[in-house]
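Below: the structure, in structure tokens.
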Amino acid sequence: MRRKLGFSLTELLEEDWQAIQDQGEESWTQAIGRGAYLSGFQGLLVPSAQDREGQNVVIYPDAVVSPNYIRLIAEDDLPPHPSGWP
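Start counting the sequence shown at 1; every next residue gets the next number (UniProt numbering).
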């Protein structure tokens, strides 16, 4: 999707989305996520900005409808939610 939209991976990973949001604007990464949701996506698999080797799973819970479902397989192995998240 990123290539079709004309973004480089570096552009998206280095975008300071929080600073952009704080200025009352929408970051590219947030706009892509919103567009995916509005287009009917149930989720996205995206590269992690924190761990360049990692990936994040973005899920839009209200878009996941039967017969599809979400099941956590190793919930106890997940890291704790960072307390400093906005």
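For each residue, glycine too, the CB sits at the ideal point set by N, CA and C.
Notebook entry, point to check: Under the three-state reduction of DSSP, which class applies to I20: helix, strand or coil?
Noted result: The three-state secondary structure of I20, taken from DSSP, is helix.
Item checked: Cutoff 9 Å: K4 Cβ touching any chain B Cβ -> In the displayed structure, chain B is absent; only one protein chain is listed.
Next item on the list: Confirm, please, whether the CB-CB distance from L45 to V64 is below 9 Å.
Entry: Contact: no.
Notebook entry, point to check: Nearest to L15 by alpha carbon, out of Q50, D76, G43?
Noted result: Here the sequence assigns Glu to residue 15, which means Leu is not the residue at that position. When each option's Cα is compared against that of E15, the closest is Q50.
Margin query: Whether or not the segment 5-12 and the segment 25-36 are in contact is what I'm after, with contact meaning three or more pairs of Cβ atoms, one per stretch, closer than 8 Å; do they touch?
Written below: The way I'd put it, the segment 25-36 does touch the segment 5-12; three or more beta-carbon pairs between them come closer than 8 Å.
Note to self: Along the chain, where does the alpha helix (DSSP H) containing I32 start, and where does it finish?
What the structure shows: Looking at the DSSP string, the run of the alpha helix (DSSP H) that includes I32 is 28-38.
Next item on the list: Flag this pair as yes or no: are the beta carbons of Y60 and A36 separated by less than 9 Å?
Entry: With contacts defined as CB atoms closer than 9 Å, Y60 and A36 qualify as a contacting pair.
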